[in-house]
Ligand SMILES: NC(=O)c1ccc[n+]([C@@H]2O[C@H](COP(=O)([O-])OP(=O)(O)OC[C@H]3O[C@@H](n4cnc5c(N)ncnc54)[C@H](O)[C@@H]3O)[C@@H](O)[C@H]2O)c1
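Residue numbers (this note's numbering): 1387 to 1749.
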């Protein structure tokens, strides 16, 4: 059983996201229809390679020449050095403009392999096969590819849309709890900015990862649909795509001040969403952060163990690359499901929102 989302970036750029369980047959049918199946490069995360190699080999077995290249796990693989090594290996092996690159892994593998596909021979077909919850609901959709630079994350890259995305829920069986939590924060973000019904659905699902599989397929599908709708409206981040940053301006500051790696991106975004909801409420909008209460326990242990200084958090927010004229641009909510951009100059409002949000984890 699979569900399909059509993504229309422009008349020239359209692709399908297929979401379901056991997608081998639909993947093979897609390849038969679109490629001559002489050659394929599979760029695969090292843990996924260890845990799911058989599954992935079955997917590509109809290609005559198959090249697996393992990507070491972790953010440090998103580097110019690793990109350079991959490009060398691929060019030395031999690739044509029509040869697809299949990216199998989480956001790290997807962003890196996407940038390789965007740059080798000025662009070869890219197929995403996301294997983390975050990659299924977020990073595989929207065409952002790239690597990090010593001066900051994701500073080198390009917008490059995939030819197709296949999200097979079966991969999630082996996902560690902290990766579930990271993906869930992004789903809660979609609940906040577009579909509050997702809050109720997630509340029922959090304690049973993957048990009611069909319901997880639906949650992933709804999240992917929200992301792709927003990307369709604003592929190059000129306007509405900024709504996807709900909770992220606060969250990035927390990641930076606590020292990268101390909190996961998802944990930081979760705190950030509470701060942003509280600020929205302070400005008169009816968005009680009680919506997040059922999920607090998932994030509590890690956040309560942090010792962060609120003044440092404010400094980090001020030094964010998106800050102009000392005005911090935030995504806030008119009501649940209705985001807007707010230019904040009043640091005391931010200070109070931080105090409120961090306090939630210290009860
Ligand atoms: N392109 C975008 O629009 C976009 C959006 C959000 C995030 N990102 C990027 O995504 C990255 C984070 O992605 P992520 O959270 O998926 O992290 P990740 O790719 O590092 O994967 C997390 C961990 O899960 C492991 N893993 C992957 N699939 C697994 C599976 N099925 N079973 C067991 N383990 C598995 C990986 O080996 C890794 O250790 C960041 O670099 C971030 O910048 C990009």
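Don't be surprised by glycine CBs; every beta carbon is placed ideally from N, CA and C.
None of these values were measured; they are calculated from a predicted model.
Check: Look at residue 1636 and residue 1575 and say whether their C-beta atoms are less than 7 Å apart.; Outcome: no
Check: Got a sec, what are the start and stop residues for the beta strand (DSSP E) residue 1611 sits in?; Outcome: Counting along the chain, residue 1611 falls outside any beta strand (DSSP E), though it belongs to the alpha helix (DSSP H) covering 1599 to 1619.
Check: Rounded to whole angstroms, what is the Cα-Cα separation between residue 1479 and residue 1645?; Outcome: 40 Å
Check: Could you spell out the range, first to last residue, of the alpha helix (DSSP H) harbouring residue 1745?; Outcome: 1733 to 1745
Check: Where residue 1437 and residue 1560 are concerned, what is the direct C-alpha to C-alpha distance, given to the nearest angstrom?; Outcome: 8 Å
Check: With residue 1506 and residue 1481 assumed to form a contact (beta carbons below 8 Å), what rounded beta-carbon distance in angstroms separates them?; Outcome: 6 Å
Check: Thinking just about the alpha-carbon of each residue, which of 1509, 1533, 1551 is nearest to the one in residue 1521?; Outcome: 1551
Check: Using alpha carbons as the reference points, say which of 1732, 1649, 1650, 1388 lies closest to residue 1554.; Outcome: 1388
Check: Taking the alpha-carbon positions, what's the residue 1709 to residue 1620 distance?; Outcome: 21 Å
Check: State yes or no: is the C-beta of residue 1603 within less than 7 Å of the C-beta of residue 1405?; Outcome: yes
Check: Candidates 1593, 1660, 1702, 1485: which alpha carbon is nearest residue 1675's?; Outcome: 1660
Check: Answer with buried or exposed for residue 1717, where buried requires no fewer than 16 other C-beta atoms within 10 angstroms of its C-beta.; Outcome: buried
Check: What does the Cβ neighbour count give for residue 1577, buried or exposed, with the cut at 16 atoms within 10 Å?; Outcome: buried
Check: What are the uninterrupted segments assigned as beta strand (DSSP E) that are 3 or more residues long and contained completely in the region 1500 to 1585, given in chain order?; Outcome: 1512 to 1516, 1530 to 1535, 1538 to 1545, 1550 to 1554
Check: If we require 4 or more residues per run, which alpha helix (DSSP H) segments fall completely within the region 1441 to 1499?; Outcome: 1466 to 1479
Check: Would you call the region 1598 to 1616 and the region 1675 to 1695 in contact, with 3 or more CB pairs under 8 Å?; Outcome: no
Check: If you count every other CB in all the chains shown that lies within 10 Å of the CB of residue 1672, and 16 or more means buried, which is it?; Outcome: exposed
Check: Which same chain residues end up closer than 8 Å to residue 1535 when comparing Cβ atoms and leaving out the 5 residues on each side of it in sequence?; Outcome: 1466, 1541, 1542
Check: Compute the beta-carbon to beta-carbon distance between residue 1547 and residue 1402, rounded to the nearest angstrom, for a pair I have assumed lies under 8 Å.; Outcome: Actually they do not touch by this definition, with Cβ atoms about 12 Å apart.
Check: Is residue 1503 close to ligand 1? I mean its beta-carbon at under 6 Å from any heavy atom of the ligand.; Outcome: no
Check: Ligand 1 and residue 1442: does any heavy atom of the ligand fall closer than 6 Å to the residue's C-beta?; Outcome: no
Check: Mapping DSSP to helix, strand and coil, what is residue 1706?; Outcome: coil
Check: Could you check whether the Cβ of residue 1556 sits closer than 6 Å to any heavy atom belonging to ligand 1?; Outcome: no
Check: Go to residue 1400, then tell me how far its beta strand (DSSP E) extends in each direction, as first and last residue.; Outcome: 1400 to 1406
Check: Cα separation between residue 1493 and residue 1500?; Outcome: 10 Å
Check: Determine whether the beta carbon atoms of residue 1549 and residue 1516 lie at a separation below 7 Å.; Outcome: no
Check: Taking the alpha-carbon of residue 1677 as reference, which of 1733, 1588, 1727, 1563 has the nearest alpha-carbon?; Outcome: 1588
Check: Ignore the nearest five residues each way along the sequence and tell me which others in residue 1423's own chain have a CB closer than 7 Å to its CB.; Outcome: 1417, 1448, 1449, 1450
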